[in-house]
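Structure first, commentary second.
Numbering (the numbering used here), first residue to last: 55 to 513.
This is the structure we're talking about:
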């Protein structure tokens, strides 16, 4: 159902008119603190974003790369707001790697409610992604990818030339991608037990994925490369774009639901090296999700995922129910790629830039569930926030940002803040901070921990 709007206005024990002493710095002061700490690139982020000039970023709606200002891109990519859709991710990754100028139009996924009418007129099936390339509407991800290869030969080709020693491996690898996807998908939604035939089938296919990556490296080295950790060796290819969204989702969901580590498993060392090689690329590292977002965005898309009891500890770590989202933060099964200082600046920037809407969003936590409800349990686009507590929650959010920017831990929150309201509102945001839609994983990890710190400090 609607998701998360527990303790609606009527049940809230707090009094919105009770006095409180607001000691948090203003948004203007916080913006000034952030500016003092930012790098030059971070300071120009919003301007560069609007101009289509940032590094790969989920917030971008225009990407120009090397094209001159004023260029009207030949490609429009229609993808989901939440950046959940794996088929959109394949195309997104390809566009970024080929550096083809494009615009982005965002539409909701079905689990967030009905698609807009204009989109249904363009694509009656309602599926995403859709691309408009030179005015032609294409609605299957693989067809979009092939058209991009065909129409933009001058941009980095992601299919190898026939003379490339890796070229004969492409079709076999693309078949393997579909096999491992099918095995994972079936296993995830089936009621199974550890070590059964479904698990053995998945593991055997992952053995083959690992062997293929080992083979790619061997061929690359035999042809003069220092190493080649991607599916066709040194150079990224369409094969990596096809595998990336699903290997990423497997690394999150298989430990969470089945208790088996994928990334970092000694049985598949070349898979881990593939992740490490991909994460050196902005195109992938800036759009990859975190394990928490993936394990909760999968069920609304594919149906109920079935858990093994062996997965409980991993699930608790990924969900933060074992205390892993609170300080002191420890390295768990999911790698963190941002240093803490960069992560805190990114999280602070995203909150400061959109603070009014975020406060209102938090207030859904003490508001009323929306109607009609949608199928994603954590999503409730029609929820009604309890705006009587705007000032109080605004103050709490400013305290969290102040802490991330190095503010004094002695005063975690203003005295007199309403405990139930602040706690429920901040937890609502903690559980719904989505990666990469809102920020990168390292930043989300810092934000969640600092929000917990403020929520727990209100007496």
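Every residue, glycine too, gets a C-beta built ideally from N, C-alpha and C. Given the structure is predicted, the values throughout are model-derived calculations rather than measurements.
- According to DSSP, residue 186 shares a beta bridge with 130, 191.
- Residue 128 and residue 187 do touch by the CB rule: their CB atoms are close to 6 Å apart, below 8 Å.
- Between residue 338 and the set 144, 501, 95, the nearest pair of CA atoms involves 144.
- Two segments are said to touch when three or more pairs of C-beta atoms, one from each, lie closer than 8 Å; by this definition the stretch 243 to 250 does not touch the stretch 271 to 291.
- Selection 226, 215, 392 evaluated against residue 265 yields 226 as nearest (Cα-Cα).
- The beta-carbon separation of residue 70 and residue 443, rounded to 5 Å, stays under the 8 Å limit for a contact.
- Under the three-state reduction of DSSP output, residue 478 falls in the helix class.
- Taking 8 Å as the cut-off, the beta carbon of residue 213 is found closer than this to the beta carbon of residue 291.
- Taking residue 381 as reference, the option from 97, 318, 426, 504 with the minimal CA-CA separation is 504.
- Here residue 255 has 237, 241 as same chain residues with Cβ atoms under 8 Å from its own Cβ, once five neighbours each way along the sequence are excluded.
- Straight-line spacing of the CA atoms in residue 121 and residue 155 works out to 7 Å.
- DSSP lists 116, 130 as the beta-bridge partner residues of residue 157.
- Proximity of the stretch 377 to 393 to the stretch 464 to 480 falls short of the contact definition, fewer than three beta-carbon pairs being nearer than 8 Å.
- Residue 351 places its beta carbon less than 8 Å from that of residue 136.
- Assigned with DSSP and collapsed to three states, residue 430 falls in coil, not helix or strand.
- Selection 210, 244, 321 evaluated against residue 263 yields 321 as nearest (Cα-Cα).
- Under the three-state reduction of DSSP, residue 249 is assigned to coil, being neither helix nor strand.
- At least 8 Å separates the beta-carbon of residue 109 from that of residue 408.
- The stretch 298 to 369 is shown to contain whole alpha helix (DSSP H) runs of 4 or more residues at 323 to 332, 336 to 339, 345 to 356, in chain order.
- Checking the DSSP bridge columns, you'll see residue 284 partnered with 287.
- In summary, residue 312 is buried, with 16 or more beta-carbon neighbours lying within 10 Å of its beta-carbon over all protein chains present.
- Shortest Cα-Cα distance from residue 286 to any of 76, 222, 449, 304 involves 222.
- The C-beta distance from residue 103 to residue 111 rounds to 7 Å, short enough to meet the 8 Å contact threshold.
- Annotation: the continuous alpha helix (DSSP H) that includes residue 455 extends over 444 to 458.
- Taking 8 Å as the cut-off, the Cβ atoms of residue 412 and residue 483 count as close.
- The three-state reading of DSSP puts residue 420 in helix, counting H, G and I together.
- In this structure, DSSP gives residue 512 a state outside helix and strand, which the three-state scheme calls coil.
- Between the stretch 440 to 458 and the stretch 68 to 84 there are three or more inter-stretch CB-CB distances shorter than 8 Å, so the stretches are counted as touching.
- Nearest Cα to residue 308 within the set 274, 93, 387: 387.
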